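To start, the structure under review is shown below, and the notes come after it.
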Amino acid sequence: MTDDAQAENAPQFAIQRIYVKDLSFESPNAPQIFLEDGAPEIQVGLQTEVTALGDETYEVVLTVNVEARLAERTIYLVEVQQAGIFLARNFPEDQLGPLLGIGAPNALLPYARELISDLTTRGTFAPFILQPVNFEAMYAQQQADAPTDEPATH
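Going by the working numbering, the sequence shown opens with residue 12, and the numbers climb by one from there.
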């Protein structure tokens with residue numbers, strides 16, 4: 012095999028585009044909430060979704076929901092859908108899932124983190140810094156929760 016043929020058949024992973032798919036910030040109890048004191052309780056939810064766009068092109072969407080509450084009142088709600096289009100060429104099927112379920116979300120996370128921090132700051136709240144995420148554990152959990160094709164035994 013020539014060097015050109017080997018290079019052509021080598022696995023390739025590339026980011027083609029990173030973009031904001033959906034973005035929402037709400038502070039339903041402003042301005043009254045600004046007068047209240049106390050440490051907010053913050054809940055963070057994460058989800059990833061992969062969609063094939065073609066034979067070798069995939070959209071990966073990282074959805075992050077952040078809700079800050081003080082007692083029973085909502086301080087703010089943030090929803091970010093940070094998306095990317097990724098090229099994944101010449102990968103074995105068993106490597107494609109982890110690549111798109113772990114590698115791609117890791118590439119998207121810093122962009123989502125920056126958006127969330129910026130939105131909370133623009134709402135005049137302390138910046139919320141999204142902590143590192145173990146996408147490997149998330150992916151493993153999703154795989155464990157996925158239904159199997161094997162018949163159930165009783």
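Where a beta carbon is used, it is the ideal one built from N, C-alpha and C, also for glycine.
Computed from a predicted structure; not experimentally measured.
Cα separation between residue i and residue j?
{"i": "G56", "j": "E19", "result": "40 Å"}
{"i": "Y69", "j": "R133", "result": "32 Å"}
{"i": "A99", "j": "L119", "result": "16 Å"}
{"i": "F24", "j": "P158", "result": "28 Å"}
{"i": "V75", "j": "E47", "result": "26 Å"}
{"i": "H165", "j": "D105", "result": "Bear in mind that a pLDDT of 45 at H165, under 50, signals an unreliable position, so the model cannot answer this."}
{"i": "P116", "j": "V72", "result": "8 Å"}
{"i": "V91", "j": "N145", "result": "18 Å"}
Using a 10 Å radius around the Cβ and a threshold of 16 neighbouring Cβ atoms, would you call residue i buried or exposed?
{"i": "P121", "result": "exposed"}
{"i": "P39", "result": "exposed"}
{"i": "T59", "result": "buried"}
{"i": "R127", "result": "Looking at the sequence itself, residue 127 is Ile, so the reference to Arg does not match. Buried, since its Cβ has 16 or more Cβ neighbours within 10 Å."}
Taking 7 Å as the cut-off, decide whether the C-beta atoms of residue i and residue j are in contact.
{"i": "K32", "j": "A94", "result": "yes"}
What alpha helix (DSSP H) runs, 4 residues minimum, are completely inside the stretch 113-143? 115-133
Are at least three pairs of beta-carbons, each pair with one atom in the stretch 134-147 and one in the stretch 82-89, less than 8 Å apart? yes
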